[in-house]
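Q: Mapped onto mature numbering (1 follows the signal peptide of the UniProt record, and there is no 0), the consecutive letters of the sequence shown carry residue numbers -24 to -1, 1 to 147. Have a look at this one before I ask anything.
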Amino acid sequence: MHSNSARRRLLKAGAALAASAMLAGCGFHLRGPQPLAFSTLHVSASQFSDLGSAIRRKVELSGTTTITEDASKAEARLQILANERGREILSLTSSGTVREYQLTQRIRFRLIDSKNTELIPPTNISGQREYTFDDEEVLGKEQEETLLYRDMQADLVQQIMRRLAAYRRPQ
């Protein structure tokens, strides 16, 4: 009986070792900042807006590109053409009060170089989140809505950064 439990422990340890070796060998690594193909970037969104400051932070974290507030000195310019938020009713209770909302955010942007040549044509990205609403918890639901918008915007900024990182200069 004692040898069976020792054998089981040995098999479990061997399986754990094999699984960790396979995971290490597959090339898995966490996604970090991705280098951008230009050394300076101008962002048309205000540095004081949530979207503008989030994009600036992500670009600075890339380690290869610096933000310039002077568009004429930028190697590339990220133009935010639209940033729209919306809220729609998804469902109502039997008494006619709102049960669920759907939040949406749509960003339209393009990337141009210093000669106004389009590097990335106008592109739409959007996100949506849904949440249940309760009239008795209005303050808490307003905070939840704010957090959902913030989370959605973070996702959209990540999408913009992936598109910027995917751009490569023609050879």
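Ideal Cβ placement from N, Cα and C applies to all residues, glycine included.
1) Spell out whether any CB of chain D is found under 8 Å from the CB atom of Gly72.
2) Taking one C-beta from the stretch 115 to 125 and one from the stretch 15 to 23 each time, how about it: are there three or more such pairs within less than 8 Å?
3) Which same chain residues end up closer than 8 Å to Glu45 when comparing Cβ atoms and leaving out the 5 residues on each side of it in sequence?
4) Under 6 Å Cβ to Cβ from Leu27, same chain only, skipping five residues before and after it: list those, please.
5) Among Ser67, Glu76, Leu54, which has the Cα closest to the Cα of Glu94?
6) Compute the Euclidean distance between the alpha carbons of Val133 and Ile83, then round it to the nearest angstrom.
7) Tell me the residue span of the alpha helix (DSSP H) that contains Tyr77.
8) My output table needs one value for Arg63: the three-state DSSP class, helix, strand or coil.
9) So what's Tyr107 in DSSP terms, helix, strand or just coil?
10) Can you tell me the Cα-Cα spacing of Arg138 and Ile101, whole angstroms?
11) State the DSSP-derived secondary structure class of Asn92, mapped to helix, strand or coil.
A: According to the structure data:
1) No chain D is present in this structure, which holds just one protein chain.
2) No, because fewer than three Cβ pairs between the stretch 115 to 125 and the stretch 15 to 23 fall closer than 8 Å, the two stretches do not touch.
3) When the five nearest sequence neighbours on each side are left out, the beta carbons in the same chain lying within less than 8 Å of the beta carbon of Glu45 are those of His18, Gln23, in order along the chain.
4) Closer than 6 Å at the Cβ level, and outside the excluded window around Leu27, lie Ala21, Asn59.
5) Ranking Ser67, Glu76, Leu54 by Cα distance to Glu94 puts Leu54 first.
6) Near 9 Å, if we compare the C-alpha coordinates of Ile83 and Val133.
7) Counting along the chain, Tyr77 falls outside any alpha helix (DSSP H), though it belongs to the beta strand (DSSP E) covering 74 to 89.
8) In this structure, Arg63 counts as strand in the three-state DSSP scheme.
9) If DSSP states are grouped into helix, strand and coil, Tyr107 belongs with the strands.
10) Near 12 Å, if we compare the C-alpha coordinates of Ile101 and Arg138.
11) The answer is coil: DSSP assigns Asn92 none of H, G, I, E or B.
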